[in-house]
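*Asks:*
The structure is reproduced here in structure tokens:
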């Protein structure tokens, strides 16, 4: 039996396309076999979490049972009552396994080995948004099979994108029309081939061929002030390119596979390097994550601050919420100084960006708007983002403290 990580080698894609053939034939004929889709989901989960990763597979099974019990228990309760403290307890309990994994990783104990598995973050996001939308009354009835298929949808389990329960179920319960599905197949093929270029060519060039040499040169030159050197600048840009092409490649594989299955999983990237400011960047980079944080953390924190009148000014409330939102995102990546600094960096960058946009709106006649200012804004945004990714990479920690 062959075991492998999703989208890592040609063997995975060969098995994947063979498994997708019956789904393609059925949908082209106006049918969908949910039993077969459930079987291949379990099969690919077994390929990922079986064999040497069997302990992750056990953790996934226990996690799935645990989160399903919490979600359905809260759904049953919500039909009768709506006490806030019950809702908060449900959310905390849903987040608890992920929090323990993150803490154990930072403290180097064995909890990560016992309960951690590939994709636990993305599954937790799906559970939490389902509980929150149940609290809001948007999700009134949960179906067990729909929820499990949504939670364990194998194309997106390891690298996202983060889908929403209602959107997923709408696709899952319907069969796209033939013309619509043919267009989805065309897009799916395009996304997968583009993913190959991103992941196996460009990410390989930047991450495997260029980055190690630049890191070695930067380490050799660290006698300079704070280790600043031209090789370090190279690390900053090359790591940023590698991060984008690797992650965007994975996301394209996941979206393309989903389209083959008749599921329009949302895109994760939309030309982020063309963003004219940091706020626009987060509307284009890892969009499913940034929109999740926007909808389920930022908007709810801001609403709470406004309702309780915590701050006199709405602008102050928004600014504090921006920083808290991105700080939480930093903590989510890991309990290290560089992830937390990365989150704070982007939080304050958005605050500064918002202040500039307000100023520009008031002085639009005085501030020139032309092609040069447009491209300069993009250039500035790219460099701010790349610097933040240098922080995120953890290489500065290695450069300064090793």
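Residue numbers (the working numbering): 11 to 412. Even for Gly, the Cβ is constructed at its ideal location relative to N, Cα and C. Fair warning: this is a prediction, and the values are worked out from it, not measured in the lab.
Can you tell me which of the three DSSP states residue 361 falls into?
*Replies:* On the chain shown, residue 361 is found 351 positions in, with the first residue counted as 1. Residue 361 falls in the helix class under three-state DSSP.
*Asks:* Take residue 395 as the anchor and find which of 53, 365, 373, 247 has the nearest alpha-carbon.
*Replies:* Here residue 395 corresponds to residue number 385 of the chain shown, with the count starting at 1. When only C-alpha atoms are compared, the closest one is 247.
*Asks:* Tell me the DSSP secondary structure of residue 220 in three-state form.
*Replies:* Position 210 of the chain shown, counted from the start, is the residue given in the question as residue 220. Looking at residue 220 - three-state DSSP - the assignment turns out to be helix.
*Asks:* Using only the alpha-carbon positions, how far apart do residue 422 and residue 278 sit?
*Replies:* The structure shown has nothing for residue 422, since the chain only spans 11 to 412.
*Asks:* Among residues of its own chain, excluding the 5 on either side of residue 260, which ones have a beta-carbon nearer than 7 Å to its beta-carbon?
*Replies:* Within the chain shown, the letter at position 250 stands for residue 260. Excluding residues within five positions, the ones whose Cβ falls inside 7 Å are 17, 169, 209.
*Asks:* Identify whether residue 345 lies in helix, strand or coil by the three-state DSSP scheme.
*Replies:* The residue labelled residue 345 in the question sits at position 335 within the chain shown. Here residue 345 sits in coil by DSSP.
*Asks:* Could you check the C-alpha separation between residue 37 and residue 191 for me, to the nearest Å?
*Replies:* Residue mapping note: residue 37 aligns to position 27 of the chain shown, counting from 1. Residue mapping note: residue 191 aligns to position 181 of the chain shown, counting from 1. Going by the C-alpha atoms only, they are around 8 Å apart.
*Asks:* In the DSSP assignment, the alpha helix (DSSP H) including residue 66 goes from what residue to what residue?
*Replies:* Your numbering for residue 66 matches position 56 in the chain shown. Note, residue 66: alpha helix (DSSP H), 64-88.
*Asks:* Check for me: the alpha helix (DSSP H) holding residue 472 runs from which residue to which?
*Replies:* Outside the displayed span of the chain (11 to 412) sits residue 472, for which this structure offers no information.
*Asks:* Nearest to residue 44 by CA position, among 82, 158, 203, 266, is which residue?
*Replies:* As a position in the chain shown, residue 44 is number 34, starting the count at 1. If we check each option's Cα against that of residue 44, 158 comes out closest.
*Asks:* Do the CB positions of residue 255 and residue 228 come within less than 7 Å of each other?
*Replies:* Walking along the chain shown from the start, residue 255 turns up at place 245. Walking along the chain shown from the start, residue 228 turns up at place 218. Taking 7 Å as the Cβ cut-off, residue 255 and residue 228 do not qualify as a contacting pair.
*Asks:* For the alpha helix (DSSP H) containing residue 20, name the first residue and the last one.
*Replies:* Along the chain shown, one-based indexing puts residue 20 at 10. Note, residue 20: alpha helix (DSSP H), 20-38.
*Asks:* Excluding the 5 residues flanking residue 59 on each side, which residues of the same chain have their C-beta closer than 7 Å to its C-beta?
*Replies:* Along the chain shown, one-based indexing puts residue 59 at 49. Hits under 7 Å: 66, 67, 70, 127.
*Asks:* Write down every uninterrupted run of the alpha helix (DSSP H) in the segment 279-345 whose length is 4 residues or greater and which is fully enclosed by it, in chain order.
*Replies:* Listed in chain order, the complete alpha helix (DSSP H) runs (minimum 4 residues) inside the segment 279-345 are 288-292, 297-303, 309-318, 324-343.
*Asks:* With DSSP run on the structure shown, which of helix, strand or coil describes residue 379?
*Replies:* Within the chain shown, the letter at position 369 stands for residue 379. Three-state result, residue 379: coil.
*Asks:* Reducing DSSP to helix, strand and coil, say where residue 241 ends up.
*Replies:* Here the question's residue 241 lines up with position 231 in the chain shown. Note: residue 241 maps to helix in three-state DSSP.
*Asks:* Let me know the secondary structure DSSP gives residue 181 once reduced to three states.
*Replies:* Taking the first residue of the chain shown as position 1, residue 181 is located at position 171. Reduced to three states, the DSSP call for residue 181 is helix.
*Asks:* Specify the secondary structure class of residue 200 as computed by DSSP and reduced to three states.
*Replies:* The residue given as residue 200 occupies position 190 in the chain shown. Here residue 200 sits in helix by DSSP.
*Asks:* Does the Cβ of residue 297 have 16 or more other Cβ atoms within 10 Å, making it buried, or fewer, making it exposed?
*Replies:* Numbered from 1 along the chain shown, position 287 holds the residue referred to as residue 297. Under this definition residue 297 is a buried residue.
*Asks:* From residue 338 to residue 188, what distance separates their C-alpha atoms?
*Replies:* The residue given as residue 338 occupies position 328 in the chain shown. The residue given as residue 188 occupies position 178 in the chain shown. The alpha-carbon atoms of residue 338 and residue 188 are separated by roughly 43 Å.
*Asks:* Excluding the five sequence neighbours on either side, which residues of its own chain have a C-beta within less than 8 Å of the C-beta of residue 92, listed in chain order?
*Replies:* The residue given as residue 92 occupies position 82 in the chain shown. So the list reads 145, once near-sequence residues are dropped.
*Asks:* Would you mind reading off the limits of the alpha helix (DSSP H) that contains residue 46?
*Replies:* Looking up residue 46 in the chain shown gives position 36. Note, residue 46: alpha helix (DSSP H), 44-59.
*Asks:* Along the chain, where does the alpha helix (DSSP H) containing residue 407 start, and where does it finish?
*Replies:* Locating residue 407 in the chain shown gives position 397, counting from the first residue. Element bounds for residue 407: 405-411.
*Asks:* Determine contact between the segment 262-274 and the segment 196-204, defined as no fewer than three beta-carbon pairs at a distance below 8 Å.
*Replies:* With a cut-off of 8 Å, the segment 196-204 and the segment 262-274 count as touching, because enough Cβ pairs lie within range.
*Asks:* Do three or more CB pairs link the segment 151-166 to the segment 44-56 at distances below 8 Å?
*Replies:* Yes, they touch.
*Asks:* Any idea what DSSP makes of residue 227, helix, strand or coil?
*Replies:* Taking the first residue of the chain shown as 1, we reach residue 227 at position 217. Looking at residue 227 - three-state DSSP - the assignment turns out to be helix.
*Asks:* How many angstroms separate the CA atom of residue 112 from the CA atom of residue 102?
*Replies:* In the chain shown, residue 112 corresponds to position 102, counting from 1. In the chain shown, residue 102 corresponds to position 92, counting from 1. Approximately 14 Å, taken between the alpha carbons.
*Asks:* Figure out for me which residue from 136, 14, 88 has the closest Cα to the Cα of residue 62.
*Replies:* Here the question's residue 62 lines up with position 52 in the chain shown. Comparing Cα positions, the closest option is 14.
*Asks:* How do the segment 135-143 and the segment 80-98 stand: do at least 3 beta-carbon pairs fall below 8 Å, yes or no?
*Replies:* With the cut-off at 8 Å, the segment 135-143 and the segment 80-98 touch.
*Asks:* Over what stretch of residues does the alpha helix (DSSP H) that includes residue 146 continue unbroken?
*Replies:* On the chain shown, position 136 is the one that residue 146 refers to. Here the alpha helix (DSSP H) through residue 146 covers 130-146.
*Asks:* How big is the Cα-Cα spacing for residue 324 and residue 31?
*Replies:* If you number the chain shown from 1, residue 324 lands on position 314. If you number the chain shown from 1, residue 31 lands on position 21. So the alpha carbons of these two residues sit roughly 54 Å apart.
*Asks:* Can you grab the Cα-Cα spacing for the pair residue 392 / residue 215, in whole Å?
*Replies:* As a first step, residue 392 is located in the chain shown; it is residue number 382 there, counting from the start. As a first step, residue 215 is located in the chain shown; it is residue number 205 there, counting from the start. C-alpha separation (whole angstroms): 20 Å.
*Asks:* What is the DSSP secondary structure of residue 159, counted as helix, strand or coil?
*Replies:* Locating residue 159 in the chain shown gives position 149, counting from the first residue. Residue 159: helix per DSSP, three-state reduction.
*Asks:* Alpha carbon to alpha carbon, how far is residue 270 from residue 224?
*Replies:* Indexing the chain shown from 1 puts residue 270 at position 260. Indexing the chain shown from 1 puts residue 224 at position 214. Those two C-alpha atoms are separated by around 40 Å.
*Asks:* In chain order, what residues of the same chain lie with their CB nearer than 8 Å to the CB of residue 80, ignoring the 5 residues before and after it?
*Replies:* As a working mapping, residue 80 is identified with position 70 in the chain shown. Closer than 8 Å at Cβ, skipping near neighbours: 100, 103, 104, 137, 141.
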